[in-house]
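Residue numbers (my numbering): 8 to 924. By construction, the Cβ of each residue, glycine as well, lies at the ideal position given by its N, Cα and C atoms. Since this is a predicted model, take the numbers as computed values, not measurements. Following: one structure in structure tokens, then a few remarks.
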């Protein structure tokens, strides 16, 4: 449990840490450095060799390695299965390299955290100021800070002079936080509420301070975040979970059938070598050895497409995970909002105006009841804008501006009224002070001197004796009305400032606090970090896609609620981090299921919300840009970081980075993710039935060998031929299925059911139906042309057997063509789409035919693949093998439509649900 230093007076903190205004003695600092350790985050990387070896810890990879070992041994014993061994080993190595590279990229999150640690710090030791490496800081050290400095450790401020700290990378707060010295009351305050504390890695935007180091290294807030990042189990994506479950089931089934096939062969009295070769051939035939490569290829292609839409995929499974996402938990600042304070409402002369335009755009209008009003026609409005524009230390430039975000917003609102920087000459300034809560400047224009004041509305109104009417004339101030308007602005989560002015005697060059009486109240300006327009549309699109949007921010609850309402997020209830800390597990799960706006949260809260949603079976996407987001980004099913405003920590922890920081890009990526799953479904539903067909050929041969001598001599296909078919099928037929055009309406139905299984009724039916539709023609072709190879006296015509196997080889290819043409859609008939729209598939079919002629006609290749040219008159029967698979799949689709089981939405596919129409 970490100590609540914010609750102690600064003197008590010094006393407890054994320090004082003179700082620590060098000897004591050295002792503490040895006791507490260096002020840095400890890292331990997984060795590269171990990460590489871990890629082989996968059931399918292990089976493939075992199969390669067996085929290698058989090759050594003279079975000529070297091509089998080479192909299987190459596939295993390719997948291991891809996995190794991807896992290596994930190591960067902790490196990015370490890079945020400060290199040097100005510290007071034994009464002397000196610069030391920040890693040598210890609890009790007294550090000196000024504007622009990054805070080197977690500190408790002991002296402050107009200190403002940018904590946006840690808390998500869009405005620098003013710090103070006084002790705070309350329990479990989140970092955003600890206004007398400074946190490692944040920086001062203005002012000077002295502060006592209270936590260093892994005990700082950053250090605890690093611990959470290291401890966060990024887990498997929905696709990885489904594929693991699928592969486990498939491997067990294949091994059981293979072992049963071997035992059955021995039982029937076959030679042990024949039975063993049959079992190995069956395993080689049934295992989809190219499936991992296909999945990787599909996801990589989707990643390329998403990159074109500004969504950069860092971890390939994320390309599909988005399609299954049911909840998007989003940070507010910079993700859903512009991350720039913008004046959105002003009140001058008793009239309220809405101000259009956001961010650094100086194009905007002042509207009353949505009708534009030229500000030059409203003297009171112009005086108000002038006051905010000139009582200001920010600077505008063509590319934006520099300075305090609040003052930048006031500059921009003035620029919308065509005010210019050199309009007035500044003579004197009273800087903003946290205790006084105002800033004042003395300016001169055309020989007239005026004082301009801006500050907290209640303070500024208290200085005034009059106010301006719309036409600029002076009238008695209605303080109650002005305060009520300010309260109304604040109630709408607007950061509200009051403005006032008065003329001073000519020649006055000094500005004193005593001059700030009898002012004329000019009005109010209210500002907010406004929602992105594209984000509003994207939230609506998410609703249409059945995706819930949850806002999780470190900002104030009122601000979060106001922004959520504008975005269209359910804002009826807002929970704070303090409230979340007191919830039990079941209460947290209930809150996560019902509340869509969380404010003033700490990093551990964001992670807990993500895990609570996941515990309910939901697929969670988490967006963020700050250091505080890193643990939650890693724990979510898919972490999404901002590419422009995001910290390196967030990017390295994320699965995907938005290149344009646009929440709307997520919706586009969801569409691509759903399309990726469609393509994966087609690949699996094509690959597995074809593998099953080849396994059925081996099983059928074992069964038939007892009655038909032909099958006792050779199988329908040799293992090397099976691998050749699988390899070319994967590259030339399955991969082109990924190039199918995106289907319409992907974002108009809910995401697929997360608990659905890949091995479902549709999968089993297709495997059995298409396995038979492909294997039976190949089996019959081999029997028809090969039975003459066995003479009545038992003599064997080896050439005729090889020709019969070659004919079966081609028959299987034609059957695959019949299936793949219809496999372009899982449910729609092949007659409903343009047969020439997928040119990749047409090219794949043509190339597949051309390549397969090589082992048929080239003698050296024929010897390698055990094929031989056969008589031309065999071709008509072989070509007919195209029809059974095509007709079978089309009838299956037709029956589904007739019996009411058709595809209503995109989610009714493999792993989804088939709904009744």
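Check                                                                                                                        : Outcome
Segment contact flag, the stretch 525-538 with the stretch 349-356, C-beta cutoff 8 Å, min 3 pairs                           : yes
Neighbourhood of residue 543 by C-beta distance below 8 Å, restricted to the same chain and skipping five residues each side : 573, 574, 575
Supposed contact pair residue 199 and residue 607 - C-beta distance, whole angstroms, cut 8 Å                                : 6 Å
Classification of residue 501 by the beta-carbon crowding that lies within 10 angstroms, buried from 16 upward               : buried
Per-residue DSSP class, three states only, for residue 750                                                                   : coil
For residue 220: DSSP bridge partner residues                                                                                : 162
The stretch 561-568 in contact with the stretch 174-194 per 3-pair CB rule at 8 Å                                            : yes
One or two residues paired with residue 408 in a DSSP bridge                                                                 : 403
Backbone CA spacing between residue 333 and residue 130 [nearest angstrom]                                                   : 50 Å
Close Cβ partners of residue 741 (< 7 Å) along its chain, the five nearest in sequence each way excluded                     : 301, 690, 693, 694
Outcome for residue 902 when other beta-carbon atoms lying within 10 angstroms are tallied against a minimum of 16           : exposed
Local conformation of residue 481 per DSSP, three classes                                                                    : strand
Simplified DSSP assignment, three categories, for residue 470                                                                : coil
Residue 456 to residue 20 span [Cα, whole Å]                                                                                 : 48 Å
Helix, strand or coil at residue 17 [DSSP, three-state]                                                                      : helix
Residues near residue 146 by beta carbon distance below 8 Å, same chain, minus five either side                              : 24, 39, 43, 220, 221, 222, 223
Stretch-stretch touch, CB-based, cutoff 8 Å, three pairs: the stretch 317-333 with the stretch 665-679                       : yes
Secondary structure of residue 349, DSSP reduced to three states                                                             : strand
Which of helix, strand or coil DSSP assigns to residue 713                                                                   : coil
Beta strand (DSSP E) segment containing residue 929, residue limits                                                          : A query on residue 929 cannot be resolved here, the shown segment of the chain reaching from 8 to 924 and no further.
CA nearest to the CA of residue 622, picked from 598, 12, 413, 60                                                            : 598
Reference residue 632, options 345, 780, 489, closest by Cα                                                                  : 345
Distance between beta carbons of residue 730 and residue 993, contact taken as under 8 Å                                     : Because the chain in this structure spans residues 8 to 924, residue 993 falls outside the shown range and cannot be described.
Beta-carbon spacing of residue 630, residue 170 below 8 Å                                                                    : no
The beta strand (DSSP E) enclosing residue 367, as first and last residue numbers                                            : Residue 367 -> no beta strand (DSSP E), and no H or E assigned at all.
Which of helix, strand or coil DSSP assigns to residue 268                                                                   : helix
Assigned secondary structure, residue 589 (DSSP; H/G/I helix, E/B strand, else coil)                                         : coil
Expected contact under 8 Å - CB spacing of residue 858 and residue 724 to nearest Å                                          : Rounded, the Cβ-Cβ distance is 17 Å, inconsistent with contact.
Secondary structure of residue 153, DSSP reduced to three states                                                             : strand
Same chain, Cβ closer than 7 Å to residue 372, neighbours up to 5 away in sequence not counted                               : 363, 379
Under 8 Å between C-beta atoms of residue 467 and residue 357                                                                : no
Buried versus exposed call for residue 22 [16 or more other C-beta atoms within 10 Å across all chains shown]                : exposed
Check whether residue 97 and residue 158 have beta carbons under 8 Å apart                                                   : no
Range of the contiguous beta strand (DSSP E) that encloses residue 458                                                       : 455-462
Of the residues 585, 612, 708, the one placed nearest residue 193, counting alpha carbons only                               : 585
Alpha carbon of residue 116 to alpha carbon of residue 658, nearest angstrom                                                 : With a pLDDT of 46 at residue 116, under the threshold of 50, the predicted position of this residue should be treated as unreliable, and no value is reported.
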